[in-house]
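In the working numbering, the protein residues as written are 3 to 441.
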């Protein structure tokens, strides 16, 4: 099939590349000429395992093309995927200006039947807005073209996006046209072979499903972090509690790991956006507010533990910081807990020596020339001259360090473990002061 993708960022690039991989003809359109030039040169500024290789292979085959020509893009694809950003406004609501601008551009250039697909994460009711914009544009132009609008939300996890697309848990299709649903089943047939994954529903339910999924996962994380804080108060070990909880098949082990808060491009933004949409409909969404509040508080927890250990004075102290990305297998630092901790340490007069396996280039862009911050090439380099170590991201590189070596290199022999990677009893025997989450 011929497919057009609007937006060559994370979602657009993964979607377009995976659809090209199964021998569709895909054009990715973006208004940013620099982005398109980079994509045509094989430059992928996103770290996602396997993506760069797959982009290059499909581009070389001719199945994946990149352009800034809107008319070429509209003429090409039966399916017109909108996969542009929906950044949060100041009030937390999703900014739809880019989604609606693409819809308007499609309407201006459309001359035949097209299926306009919302792939971006958008508030409930956005598909109706897209439809209205196209209808209004047609009235002004005196144009009569048949079209359908579909909500087809993405469920991609950073770090495993290719696998999530190629072997999805579910494929949500929000449409009011049964014929369109059948066309999507044909489009997604290569990803739907072992069992039926397509779930067709109305557009608003599809839009809400995406937000509901992310809000549910964020809620599990915040609830576990709340329990971890209670475990500390009660003298319990949250890791034992986690194992007891996870063994219940109604709960399971996924997303019940306590830590120093969630971050990234999805959970913080989507929880806020769903909360804001609920308020627009007259509902306070108290649980969502609590989820966000607990997460914001959790991001402060490591700093509070450090201050407590040093009796409120860390001026002149040096802290090694392992992990800058919001989770492993990505270079994404958006809303990362590391940024909260790093800022707090430096504001309190400390020096931070930071390392991350993949996010160093991102850190250099964010913190260029930042006083008090030293970006290191290796995790060992980050330890040089450090009083204490803070582990913020659960990269496998950090799972099994030489603790005796750490004790020697850390002048105060202190470890703050924001991901509960280490065993407190082992470190206690070595004479290392250990601070975990709920331990």
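Don't be surprised by glycine CBs; every beta carbon is placed ideally from N, CA and C.
Nothing here was measured: the structure is a model prediction, and the numbers come from that model.
>> Measuring straight from C-alpha to C-alpha, what distance separates residue 140 and residue 419?
In response: Put simply, the backbone Cα of residue 140 is about 58 angstroms away from that of residue 419.
>> Ignoring anything shorter than 3 residues, give me the beta strand (DSSP E) runs that lie fully in the region 376-440, in order along the chain.
In response: 390-393, 416-419 and 435-437
>> Once DSSP output is grouped into helix, strand and coil, what is the label at residue 264?
In response: coil
> Does DSSP classify residue 150 as helix, strand or coil?
Replying inline: strand
> For residue 381, which of 396, 400, 365 and 370 has the nearest alpha-carbon?
Replying inline: When only C-alpha atoms are compared, the closest one is 400.
> Between residue 423 and the rest of its own chain, which residues show a CB-CB distance below 8 angstroms, the 5 nearest in sequence each way excluded?
Replying inline: 393, 396, 400 and 401
> What three-state label does DSSP hand residue 246 in the structure shown?
Replying inline: If DSSP states are grouped into helix, strand and coil, residue 246 belongs with the helices.
> Does the beta-carbon distance from residue 13 to residue 210 come in below 8 angstroms?
Replying inline: With a cutoff of 8 angstroms on beta-carbon distance, residue 13 and residue 210 are scored as not near each other.
> What is the rounded straight-line gap between the Cα of residue 77 and the Cα of residue 109?
Replying inline: 11 angstroms
> What are the boundary residues of the beta strand (DSSP E) that residue 67 is part of?
Replying inline: 66-69
>> Let me check one thing: in DSSP terms, what residues is residue 176 bridge-paired to?
In response: 153 and 203
> In its own chain, which residues sit with a C-beta less than 6 angstroms from the C-beta of residue 350, not counting the 5 before and 5 after it?
Replying inline: 316
> From 194, 177, 149 and 308, pick the residue whose C-alpha is nearest to that of residue 170; which is it?
Replying inline: 194
>> Ignoring anything shorter than 4 residues, give me the alpha helix (DSSP H) runs that lie fully in the region 15-65, in order along the chain.
In response: DSSP runs (the alpha helix (DSSP H)) wholly in the region 15-65: 35-42 and 53-63.
> For the candidate residues 303, 282, 301 and 274, whose alpha-carbon lies nearest to that of residue 289?
Replying inline: Checking every option, the nearest Cα to that of residue 289 belongs to 274.
> Between the Cα of residue 18 and the Cα atoms of 43, 121, 87 and 88, which residue gives the shortest distance?
Replying inline: Considering only 43, 121, 87 and 88, the residue with the shortest C-alpha distance to residue 18 is 121.
> By the 10 Å Cβ neighbour count, where 16 or more other Cβ atoms means buried, how is residue 45 classified, buried or exposed?
Replying inline: exposed
> Between which two residues does the alpha helix (DSSP H) harbouring residue 124 extend?
Replying inline: Counting along the chain, residue 124 falls outside any alpha helix (DSSP H), and DSSP gives it neither H nor E.
> From this set, 107, 4, 421 and 55, which residue's C-alpha is nearest residue 2's C-alpha?
Replying inline: Lying before the first or after the last residue shown, residue 2 is absent from the chain, which here runs from 3 to 441.
>> By DSSP's criteria, residue 321 is part of a beta bridge. Which residues make up the other side?
In response: 354 and 390
>> Rounded to whole angstroms, what is the Cα-Cα separation between residue 407 and residue 435?
In response: 14 angstroms
>> Using 8 angstroms for Cβ pairs, my map puts residue 357 next to residue 384. What's the rounded Cβ distance?
In response: 4 angstroms
>> When you compare the CB positions of residue 75 and residue 29, do they come within less than 8 angstroms of one another, or not?
In response: yes
> residue 71 to residue 333, Cα distance in whole Å?
Replying inline: 30 angstroms
> From this set, 52, 8, 124 and 101, which residue's C-alpha is nearest residue 94's C-alpha?
Replying inline: 124
>> Quick test of your reading: residue 276 and residue 287, contact by CB under 8 angstroms. State the CB separation rounded to the nearest angstrom.
In response: Contact annotation, residue 276 with residue 287: C-beta distance approximately 7 angstroms; criterion of less than 8 angstroms satisfied.
> With residue 268 and residue 216 assumed to form a contact (beta carbons below 8 angstroms), what rounded beta-carbon distance in angstroms separates them?
Replying inline: 5 angstroms
> So what does DSSP say about residue 89, is it helix, strand or coil?
Replying inline: Residue 89: coil per DSSP, three-state reduction.
> Using the beta-carbon count (16 or more within 10 Å), is residue 428 buried or exposed?
Replying inline: exposed
> Whose C-alpha, out of 6, 372, 208 and 348, is nearest the C-alpha of residue 172?
Replying inline: 208
>> Can you tell me whether residue 299 is helix, strand or coil according to DSSP?
In response: helix
> From what residue to what residue does the beta strand (DSSP E) around residue 8 run?
Replying inline: 4-8
> To which residues of the same chain is residue 135 closer than 8 angstroms at the C-beta, ignoring the five residues directly before and after it?
Replying inline: Hits under 8 angstroms: 102, 105, 106 and 109.
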